[in-house]
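Residue numbers (the working numbering): 2 to 350.
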Amino acid sequence: NQIVYLALPLGSNSLMEVEWPDAPVAGRFRAQSAEIRDLHSIDGDAHVIDVAQVAPRLMLERDDRSAYAALAIGRILEKRPDGSLVMDPNFIPTMLSVRSALRLQRFVGEMAGLMRERARSIAERVGAPGQGGVADVADFMLLQMLNRAHPRFMHLARLRQLHPERLYEALLELCGELVTFTDEGRLPREYPAYDHDLPEDSFTPLMQVLRQSLSTVLEPRALAIQLQQRQYGLTVAPVQDGQLIQSAEFILAVKADMPLDDLRKQFTQQCKVASVEKIRDLISLQLPGIPLSALPVAPRQLPYHAGFVYFRLDDQSQAWQMLDNASGFAFHVAGSFPGLEMQFWAIRN
2 NQIVYLALPL GSNSLMEVEW PDAPVAGRFR AQSAEIRDLH SIDGDAHVID VAQVAPRLML
62 ERDDRSAYAA LAIGRILEKR PDGSLVMDPN FIPTMLSVRS ALRLQRFVGE MAGLMRERAR
122 SIAERVGAPG QGGVADVADF MLLQMLNRAH PRFMHLARLR QLHPERLYEA LLELCGELVT
182 FTDEGRLPRE YPAYDHDLPE DSFTPLMQVL RQSLSTVLEP RALAIQLQQR QYGLTVAPVQ
242 DGQLIQSAEF ILAVKADMPL DDLRKQFTQQ CKVASVEKIR DLISLQLPGI PLSALPVAPR
302 QLPYHAGFVY FRLDDQSQAW QMLDNASGFA FHVAGSFPGL EMQFWAIRN
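Structure representation (structure tokens):
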């Protein structure tokens with residue numbers, strides 16, 4: 002579990018600058034002979050001259066590197082009995098371009114793909130006919146943020162040279178915006194500062210947060226429940242998810258060819274609400290069902306349609322208990338409501 006460094010001695014008056022063959026002291030550069038052609042003369046003769054090549058060396062994390070300029074290039078996971086080393090494939094080395102770190106390069110493309118899929122999912126939900134165009138303001142804000150960030154990350158993924166600090170800044174900004182929608186606290190955590198020498202410590206927490214945030218399934222707050230017409234003025238709304246009855250607020254939207262004030266007053270008196278299993282008993286025995294409370298305006302989670310009156314089912318009433326283990330809601334509308342239209346919604350808490 003040691004980090005491997007590519008190290009070069011720092012320049013010093015006490016250190017030889019060039020290491021000559023058979024010299025007992027190492028230097029920053031190693032002298033080598035090279036045959037060089039003279040490009041500034043007519044003859045262009047070749048001559049053998051001495052050149053100095055950088056002489057780096059490998060050092061481990063436990064070694065004293067105070068007199069060296071060192072770049073982290075890998076991490077040893079284990080040393081096998083045969084002497085071979087197993088290197089960490091996820092290690093992020095010190096670099097000037099993200100293309101030098103395959104893990105980061107792939108992650109940029111992964112983020113662009115995840116944002117595209119999440120944006121497409123939200124866009125389909127916002128425009129789904131079954132939802133009546135319903136969407137939280139948060140859905141539109143998240144869609145706007147993803148549509149802004151996706152082209153940026155596509156651009157970063159195409160760059161031939163991308164400095165890691167620029168990528169870190171983009172990921173940090175994306176983390177801060179995403180947690181607004183995906184974290185209960187709505188505030189970003191304390192992320193590590195950018196460390197150019199050991200970028201893995203800076204990038205790994207951001208990568209974990211982004212993968213989690215973009216993989217979180219955000220269910221729409223409002224869910225349209227299909228209404229099915231039955232005989233004798235009955236309408237049923239099957240609910241497949243029993244937990245929804247216990248964890249949501251239910252809204253009945255009603256429209257008819259009559260003044261809204263009259264509709265608001267008469268409908269609560271003429272409509273009986275109960276479970277599918279209990280509705281016929283309540284009608285025959287003339288017992289009260291789940292009370293309806295008229296709302297002054299449409300709930301913000303629902304689409305506004307002119308001419309509709311919105312009623313909330315009272316989940317604190319004693320009659321609500323009949324919905325335990327029920328297969329859905331049932332509505333019985335007595336009296337005459339010309340041109341009656343109804344929509345039934347569940348708003349998750």
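Glycine is no exception: its CB is placed at the ideal position from the N, C-alpha and C atoms.
All values derive from a computational prediction rather than experimental measurement.
If you compare alpha carbons, which of the options is closest to residue i?
i, options, result
"P289", "L296, I280, A295, P297", "I280"
"A32", "D39, D23, L179, L40", "D23"
"F309", "L228, A194, M343", "M343"
"R100", "A158, L144, P152", "A158"
"M142", "L105, A120, S13", "A120"
"L9", "R38, S15, L59", "L59"
"I37", "P25, Q213, D51", "D51"
"L173", "A223, R161, Q162, T205", "T205"
"D262", "Q287, Q229, L296", "L296"
"M323", "N350, A335, I246, E170", "I246"
"Q244", "E166, A171, G329", "G329"
"P221", "R167, L264, N350, P200", "N350"
"S122", "D325, D44, Q145", "Q145"
"D198", "P94, G28, F345, Q319", "P94"
"L160", "R107, D196, M116, S13", "R107"
"T183", "P165, G114, D140, P152", "D140"
"M116", "Q213, N14, L283", "Q213"
"E185", "G12, D202, P200, T217", "T217"
"R66", "L11, L228, P25", "L11"
"A102", "F345, I284, E178, L168", "L168"
"E118", "Y233, V87, H151", "H151"
"P200", "L286, E170, Q287", "E170"
"F345", "A225, Y233, Q162, K266", "A225"
"G114", "E79, H156, P82, S318", "H156"
"Q227", "Q241, Y233, G234", "Q241"
"S248", "Q317, P82, G84", "Q317"
"G234", "A194, L286, L341", "L341"
"H306", "L286, Q232, A257", "A257"
Ignore the nearest five residues each way along the sequence and tell me which others in residue i's own chain have a CB closer than 8 angstroms to its CB.
i, result
"Q3", "L61, E62, R63, R76, I77"
"L293", "L253, F268, T269, C272, V274, F312, R313, L314, D315"
"Q230", "T236"
"I284", "K273, H333"
"A13", "The sequence given here places Ser at residue 13; Ala does not occur at that position. The answer, listed in chain order, is A68."
Note down, in chain order, each residue of its chain lying with its Cβ closer than 7 angstroms to the Cβ of residue i, except the 5 sequence neighbours on either side.
i, result
"F30", "E18, V19, E20, A53, Q54, V55, A56"
"T181", "R187"
"N357", "Any question about residue 357 goes unanswered here, given that the chain covers just 2 to 350."
"N148", "A120"
"D196", "D202, S203"
"E79", "V87"
"R81", "V87"
Near residue i, which residues of its chain fall below 6 angstroms by C-beta distance, leaving aside the five closest residues on each side in sequence?
i, result
"E250", "I348"
"D39", "G45, D46"
"A320", "G290, I291"
"W28", "The residue you asked about is not Trp; residue 28 is Gly in the sequence shown. Closer than 6 angstroms at the Cβ level, and outside the excluded window around G28, lie M17, E18, V19, E20."
From residue i to residue j, what distance separates their C-alpha atoms?
i, j, result
"A299", "F154", "39 angstroms"
"M259", "P339", "8 angstroms"
"A223", "I291", "21 angstroms"
"C176", "Y192", "10 angstroms"
"P189", "G110", "23 angstroms"
"L215", "Y6", "35 angstroms"
"P304", "A238", "19 angstroms"
"L72", "L97", "11 angstroms"
"I74", "Q302", "52 angstroms"
"E336", "L264", "Note that residue 336 corresponds to Gly in the displayed sequence, not to Glu. Cα-Cα distance, rounded: 12 angstroms."
"Y69", "P165", "23 angstroms"
"S15", "Q209", "47 angstroms"
"H48", "S34", "10 angstroms"
"D325", "T236", "19 angstroms"
"V26", "L86", "29 angstroms"
"K266", "E178", "45 angstroms"
"E125", "V138", "15 angstroms"
"L163", "A194", "19 angstroms"
"V127", "Q287", "41 angstroms"
"A331", "D282", "12 angstroms"
"D83", "H41", "54 angstroms"
Give the C-beta separation of residue i and residue j to the nearest angstrom, bearing in mind that I take them to be a contact with Cβ-Cβ under 8 angstroms.
i, j, result
"A327", "V277", "6 angstroms"
"L207", "M112", "Between M112 and L207 the Cβ distance is about 10 angstroms, and since that is not below 8 angstroms, they are no contact."
* To do: Tell me the start and end of each unbroken alpha helix (DSSP H) in the segment 131-209 that is at least 4 residues and wholly inside, in chain order.
  => 138-159, 165-183
* **Every unbroken alpha helix (DSSP H) within the segment 245-286, with a cutoff of 4 residues, ordered by chain** => 261-271, 280-286
* alpha helix (DSSP H) runs wholly inside the segment 80-116, at least 4 long, in chain order -> none
* To do: Can you check the segment 299-323 for any beta strand (DSSP E) of at least 3 residues that lies completely inside it and give the ranges in chain order?
  => 310-314
* **Completely contained beta strand (DSSP E) runs for the segment 9-43, where each covers 3 or more residues** => 30-38
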